[in-house]
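K.L.:
The numbering used here applies: residue 136 is where the sequence shown begins, and numbers increase by one. Structure below; questions to follow.
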Amino acid sequence: MDKKIITTGISLNWSSMVDRDKLEIGMEVFFLHKKKVFTGKILKLNPTRARVKIRGKIVYDVNYKALLLGNPLVDGFEKDPILRETSNICTAMQLTSLLNELKADYGAVYKSVFSRDEMQKLSSLEACFGKRETYCRAGKYLPARNEIVITASLINAPGHVIKKVLHHEIFHIHFPHHGQMFRKLERSYKKFDEAERYIHALFQTIRFDNIFRNLRICTI
Ligand SMILES: [Zn+2]
Numbered sequence: 136m137d138k139k140i141i142t143t144g145i146s147l148n149w150s151s152m153v154d155r156d157k158l159e160i161g162m163e164v165f166f167l168h169k170k171k172v173f174t175g176k177i178l179k180l181n182p183t184r185a186r187v188k189i190r191g192k193i194v195y196d197v198n199y200k201a202l203l204l205g206n207p208l209v210d211g212f213e214k215d216p217i218l219r220e221t222s223n224i225c226t227a228m229q230l231t232s233l234l235n236e237l238k239a240d241y242g243a244v245y246k247s248v249f250s251r252d253e254m255q256k257l258s259s260l261e262a263c264f265g266k267r268e269t270y271c272r273a274g275k276y277l278p279a280r281n282e283i284v285i286t287a288s289l290i291n292a293p294g295h296v297i298k299k300v301l302h303h304e305i306f307h308i309h310f311p312h313h314g315q316m317f318r319k320l321e322r323s324y325k326k327f328d329e330a331e332r333y334i335h336a337l338f339q340t341i342r343f344d345n346i347f348r349n350l351r352i353c354t355i
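Right under this line is the structure:
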């Protein structure tokens, strides 16, 4: 039997994401597949995927990263607390002051890889928010305009999160792609992991929100 879910206000509960070690056979889980939510029970725990039994004889092998605990029809969803930690950084002026903080704190790092010309670009670099909420890319650097565009999804994110994105994009003044060196350099940002987790959780929430808006739930 298919049920239509009432989607108003539904968000992914980040804490319902799975800790692999806490899973047991028979646990109720759900996952997204082809824009549908599937609920089922764990049959078997393989090294990278859980075997999940849906209705009848239907079985899916689901990557642990895509698996969520519980039953969305019963439990509902609530926004994760970390997403409530917001600020109001939404103007170009505020972005400029974040850029200046980065230049002060990481100037030596930028200088170690940038040419004189690139340092010049850094000093006249501008930043703004894009118009669309996205959940794949946090920002982009536009070389022709020497400007960083941050996704509108991050408009109310805390300053340290936006700075992490700016820090990443600044390195694109020099590196067009994400090589090993690039990854090492962007990790010089002090709150890298914390900011990364915030962005990941936020993007998951937006992604799930989008999907939940028009989906059907397949019950066991
Ligand atoms: Zn990049």
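Glycine residues also receive a C-beta, built at the ideal position from the N, C-alpha and C atoms. Please read all numbers here as calculations on a predicted model, not as lab measurements.
Let's test the definition: count the other Cβ atoms within 10 Å of the Cβ of residue 297 and tell me whether it reaches 16, buried, or not, exposed.
P.N.:
By one-based count along the sequence shown, residue 297 stands at place 162. Per the 10 Å Cβ criterion, buried.
K.L.:
Kindly provide the chain-ordered list of residues whose Cβ lies closer than 7 angstroms to any non-hydrogen atom of ligand 1.
P.N.:
Here the list is 303, 304, 307 and 313.
K.L.:
If I measure Cβ to Cβ from residue 201 and keep anything under 6 angstroms in the same chain, skipping five residues before and after, which residues do I get?
P.N.:
If you number the sequence shown from 1, residue 201 lands on position 66. Here the set comprises 166.
K.L.:
Determine the extent of the alpha helix (DSSP H) in which residue 251 is found, giving its start and end residues.
P.N.:
The count along the sequence shown starts at 1 and reaches residue 251 at position 116. Segment 251–259, the alpha helix (DSSP H) holding residue 251.
K.L.:
Leaving out five residues before and five after residue 277 in sequence, what residues of the same chain have Cβ atoms less than 8 angstroms from its Cβ?
P.N.:
Position 142 of the sequence shown, counted from the first residue, corresponds to residue 277. Hits under 8 angstroms: 283 and 284.
K.L.:
Just to confirm, are residue 177 and residue 164 a CB contact at a threshold of 8 angstroms?
P.N.:
Position 42 of the sequence shown, counted from the first residue, corresponds to residue 177. Position 29 of the sequence shown, counted from the first residue, corresponds to residue 164. For residue 177 and residue 164, yes; Cβs fall inside 8 angstroms.
K.L.:
Beta strand (DSSP E) containing residue 379: first to last residue?
P.N.:
The first residue shown for the chain is 136 and the last is 355, placing residue 379 beyond what the model contains.
K.L.:
What is the C-beta distance between residue 180 and residue 237, in whole angstroms, given that I count them as a contact (C-beta under 8 angstroms)?
P.N.:
Locating residue 180 in the sequence shown gives position 45, where the first residue counts as 1. Locating residue 237 in the sequence shown gives position 102, where the first residue counts as 1. 43 angstroms between Cβ atoms; not a contact.
K.L.:
Taking the straight line between their C-alpha atoms, what separation do you get for residue 290 and residue 332?
P.N.:
One-based indexing of the sequence shown puts residue 290 at position 155. One-based indexing of the sequence shown puts residue 332 at position 197. If I take the Cα positions, the gap works out to 17 angstroms.
K.L.:
In the structure shown, what three-state DSSP assignment does residue 270 receive?
P.N.:
For this step, residue 270 is matched to residue 135 along the sequence shown. The answer is coil: DSSP assigns residue 270 none of H, G, I, E or B.
K.L.:
Starting from residue 227, trace the alpha helix (DSSP H) both ways and give me its first and last residue.
P.N.:
Numbered from 1 along the sequence shown, position 92 holds the residue referred to as residue 227. Looking at the DSSP string, the run of the alpha helix (DSSP H) that includes residue 227 is 227–248.
K.L.:
According to the neighbour-count rule (16 or more other Cβ atoms, all chains shown, within 10 Å of its Cβ), is residue 266 buried or exposed?
P.N.:
Within the sequence shown, the letter at position 131 stands for residue 266. Residue 266 is exposed by the Cβ-count criterion.
K.L.:
Looking at residue 287: is its Cβ nearer than 8 angstroms to the Cβ of residue 268?
P.N.:
Locating residue 287 in the sequence shown gives position 152, where the first residue counts as 1. Locating residue 268 in the sequence shown gives position 133, where the first residue counts as 1. Yes, they are a contact pair.
K.L.:
DSSP three-state label for residue 294, please.
P.N.:
Indexing the sequence shown from 1 puts residue 294 at position 159. Reduced to three states, the DSSP call for residue 294 is helix.
K.L.:
Helix, strand or coil for residue 179? Go by DSSP, reduced to three states.
P.N.:
The residue you call residue 179 lines up with position 44 of the sequence shown. Strand.
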